[in-house]
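Colleague: One structure follows; several queries about it will come next.
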DNA sequence: ATTTTAAAATGATTTTTGTCATGTTTTATT
DNA sequence: AATAAAACATGACAAAAATCATTTTAAAAT
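Residue numbers (full-length UniProt numbering), protein chains in the order written: chain A, 1 to 238; chain B, 1 to 238.
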């Protein structure tokens, strides 16, 4: 069930302040506020489906969204996890293509939908915004090149170690003996992130735990030994 | 040895007509012409190195360039092959990062170097160009997502079949019994394209030949049975 | 034309990873 | 609280792919 609530106007939105929309003009902000559509989403809900036509972009005010492609074998390859302050769907929209991936909620989320026309108006009228967006797209491309190279040239052990390090960078909070990855991901989702079978992830996580690189706390993972994971991940700067 | 020659002005450049620079204004074209730097490159030469700072963009007037990342195991993951009318290096330039990959000449090339300031001037002053570039970046991102998903979820046999189909799409010329892939790639380079070991590619190509899906003609590959390759590649629309 | 070097091919073997089957634990639902 | 359904775990095995060693062939270089 979709819940539409009274929402903060964009002008006051805190997550916006640290997003690509951070430096918009007063009129653009008002226009956004007037046309956006704020919706609360529960874990598991689907934001958009691969293969459908984008009608706008999503701004994450809070929560976590996984963006994945479904492979022909039925498995999910997670392209990225998107967080507060990030945008979704602009790439397919601006590429004038159908969604290349599906977006579903991983942690309960508050998300604003900005209709295509509203978004394009900002893009066309605010060149500085357009340039920020271009920069972000270019950096995303660099990240994807790196991911592709890792996927083909590194072992799954290395990739899992790297993934855990990245997760702890993004979601890390103090967790006593180490850094707690403060987001709930199933083994299947971690497998989708790394690009492998669930069983392989289960085995490797057990191995990492045995080697005291990580520990489990409920559904969350504690990173005990970053150096060890970095060594394992055959980290080369990326 | 770098050969600097007398070159066609951009206004007359045929490869430009089918590139992102196709609809530039007269003044912008003149400015490009005045500032570009035309260089002929021989097979094997390096255009730019991963990790170095981009100083401009490259426009391919003729030839083929492979863009690859070197993995920590020393192997090359080819990100893409770039052809006549395509641009190189703008992603790292606009992302304000060092080159994420290396570019080397695969087939003798004529390439214009456009200095950063000149390129940025066009980008800032011609919004329509900027939008075309954004669109291309977004589509490239979609392609990378697809490649990543293939890399993690498909077998090497499937990926090789897909790669051969794509190569014949781009480089295909009539070749008697089938379509000839009219570009010389070593087995090692095909391996870099697919993301696997050279020996694996050699074995699979032999298998494909035995199964009469392809044939060899000198250093080039003839695709005999596209349908068969498509079936093998487990094609899902991408 | 001969030597050197690089590329391609092939076999043997090991390692890695995926799959299937099954059991246990945890979480959600009635 | 009982039941059902996910999620997690583990073993056994099969398949895929990498590695290493060696040979053959083709292309460059002298």
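By construction, the Cβ of each residue, glycine as well, lies at the ideal position given by its N, Cα and C atoms.
What did DSSP end up calling residue 103 of chain B once you bin it into helix, strand or coil?
Modeller: Strand.
Colleague: Taking residue 29 of chain B as the reference, which of B:78, B:181 and B:10 has the closest Cα?
Modeller: Closest option to residue 29 of chain B, Cα to Cα, is B:10.
Colleague: Run through DSSP, which three-state label would residue 96 of chain A get?
Modeller: In this structure, residue 96 of chain A counts as coil in the three-state DSSP scheme.
Colleague: Excluding the 5 residues flanking residue 132 of chain A on each side, which residues of the same chain have their C-beta closer than 6 angstroms to its C-beta?
Modeller: Cβ neighbours of residue 132 of chain A beyond the five flanking positions: 20.
Colleague: Suppose you measure from the CA of residue 134 of chain A to the CA of residue 206 of chain B; what does that come to, to the nearest Å?
Modeller: When rounded, the distance between both Cα atoms is 44 angstroms.
Colleague: Find out if the Cβ-Cβ distance for the pair residue 105 of chain B, residue 42 of chain B is shorter than 8 angstroms.
Modeller: Yes, they are a contact pair.
Colleague: Where does residue 71 of chain B fall in DSSP's three states?
Modeller: Coil.
Colleague: Give a yes or no on whether the minimum CB-CB distance between residue 46 of chain B and chain A is below 8 angstroms.
Modeller: No, residue 46 of chain B lies away from the interface with chain A (no Cβ there is under 8 angstroms from its Cβ).
Colleague: Given a threshold of 16 other Cβ atoms within 10 Å of its Cβ, counted over all protein chains shown, does residue 178 of chain A qualify as buried or as exposed?
Modeller: Buried: at least 16 other Cβ atoms inside 10 Å.
Colleague: Just checking my contact of residue 109 of chain B with residue 64 of chain B at CB under 8 angstroms: how many whole Å lie between their CB atoms?
Modeller: With 8 angstroms as the limit, residue 109 of chain B and residue 64 of chain B qualify as a contact, their Cβ atoms being about 7 angstroms apart.
Colleague: Determine the direct distance from the alpha carbon of residue 76 of chain B to that of residue 158 of chain A, and round the result to whole angstroms.
Modeller: If you take the alpha carbons of residue 158 of chain A and residue 76 of chain B, they lie about 18 angstroms apart.
Colleague: Run through DSSP, which three-state label would residue 211 of chain A get?
Modeller: Note: residue 211 of chain A maps to coil in three-state DSSP.
Colleague: Identify whether residue 115 of chain B lies in helix, strand or coil by the three-state DSSP scheme.
Modeller: It is a strand residue.
Colleague: Distance check for residue 87 of chain A and residue 83 of chain B, CA to CA, integer angstroms please.
Modeller: Rounded to whole angstroms, residue 83 of chain B to residue 87 of chain A spans 32 angstroms at the Cα level.
Colleague: Applying the 10 Å Cβ sphere with the 16-neighbour rule, what's the burial state of residue 219 of chain A?
Modeller: Counting Cβ neighbours within 10 Å, residue 219 of chain A comes out exposed, since fewer than 16 surround it.
Colleague: Keeping to the same chain, check which residues put their C-beta closer than 7 angstroms to that of residue 238 of chain B; ignore five residues upstream and five downstream.
Modeller: For residue 238 of chain B, the pLDDT reaches just 36, beneath the cut-off of 50, and the residue's location in the model is therefore unreliable, although a value from the coordinates is still provided. Excluding positions up to five away in sequence, the list reads 146.
Colleague: Quick check: the Cα distance between residue 192 of chain A and residue 227 of chain A, rounded to an integer number of angstroms?
Modeller: When rounded, the distance between both Cα atoms is 24 angstroms.
Colleague: For the stretch 109-126 of chain B and the stretch 156-170 of chain B, state whether three or more C-beta atom pairs, one from each stretch, are separated by less than 8 angstroms.
Modeller: Because the criterion of three Cβ pairs below 8 angstroms is not met, the stretch 109-126 of chain B and the stretch 156-170 of chain B do not touch.
Colleague: Once DSSP output is grouped into helix, strand and coil, what is the label at residue 139 of chain B?
Modeller: Three-state result, residue 139 of chain B: helix.
Colleague: Does the Cβ of residue 81 of chain A have 16 or more other Cβ atoms within 10 Å, making it buried, or fewer, making it exposed?
Modeller: Buried, since its Cβ has 16 or more Cβ neighbours within 10 Å.
Colleague: Can you grab the Cα-Cα spacing for the pair residue 40 of chain B / residue 115 of chain B, in whole Å?
Modeller: Roughly 17 angstroms between the two C-alpha positions.
Colleague: Under 8 angstroms, do residue 98 of chain B and residue 53 of chain B count as touching if we go by C-beta distance?
Modeller: Result yes, Cβ atoms of residue 98 of chain B and residue 53 of chain B sit closer than 8 angstroms.
Colleague: How would you label residue 230 of chain B, buried or exposed, when you count the other beta carbons within 10 angstroms and need 16 or more for buried?
Modeller: It is exposed - the Cβ of residue 230 of chain B has fewer than 16 other Cβ atoms within 10 Å.
Colleague: What does a CB cutoff of less than 7 angstroms around residue 225 of chain B pick up in its chain, not counting 5 residues either side in sequence?
Modeller: Cβ within range, chain order: 212 and 213.
Colleague: Is there at least one Cβ from chain A nearer than 8 angstroms to residue 59 of chain B's Cβ?
Modeller: Taking Cβ atoms only, chain A never reaches closer than 8 angstroms to residue 59 of chain B, which makes this a no.
Colleague: Do residue 89 of chain B and residue 57 of chain B have their C-beta atoms closer together than 8 angstroms?
Modeller: Result yes, Cβ atoms of residue 89 of chain B and residue 57 of chain B sit closer than 8 angstroms.
Colleague: Could you give the residue range of the alpha helix (DSSP H) that holds residue 162 of chain B?
Modeller: Segment 156-171, the alpha helix (DSSP H) holding residue 162 of chain B.
Colleague: Taking residue 50 of chain A and residue 101 of chain A to be in contact with their CB atoms under 8 angstroms, please state how far apart those CB atoms are, rounded to whole angstroms.
Modeller: Yes, residue 50 of chain A and residue 101 of chain A are in contact; Cβ-Cβ is about 5 angstroms, under 8 angstroms.
Colleague: Could you tell me if residue 74 of chain A is buried or exposed, where buried requires 16 or more neighbouring beta carbons within 10 angstroms of its beta carbon?
Modeller: So residue 74 of chain A counts as exposed.
Colleague: Residue 127 of chain B versus chain A: which residues are under 9 angstroms apart at the beta carbon?
Modeller: Result: 124, 127 and 130.
Colleague: On the DSSP letters alone, give me the boundaries of the beta strand (DSSP E) that residue 178 of chain A sits inside.
Modeller: Residue 178 of chain A -> beta strand (DSSP E) spans 178-181.
Colleague: Give me the DSSP bridge partner(s) of residue 82 of chain A.
Modeller: Answer by DSSP bridge pairing, in chain order: A:65.
Colleague: Can you give me the C-alpha to C-alpha distance between residue 33 of chain A and residue 130 of chain A, rounded to a whole angstrom?
Modeller: Each residue's alpha carbon lies about 19 angstroms from the other.
Colleague: Assuming residue 47 of chain A is part of the beta strand (DSSP E), what are its boundary residues?
Modeller: From DSSP, the beta strand (DSSP E) with residue 47 of chain A extends over 46-48.
Colleague: Against chain A, with Cβ distances strictly below 8 angstroms, would residue 118 of chain B count as a contact?
Modeller: Not closer than 8 angstroms to any Cβ of chain A, the Cβ of residue 118 of chain B fails to qualify, so no.
Colleague: Please compile the residues from chain B whose C-beta is within a distance smaller than 7 angstroms of the C-beta of residue 95 of chain A.
Modeller: Under the 7 angstroms cutoff, chain B gives 135, 138, 139 and 142.
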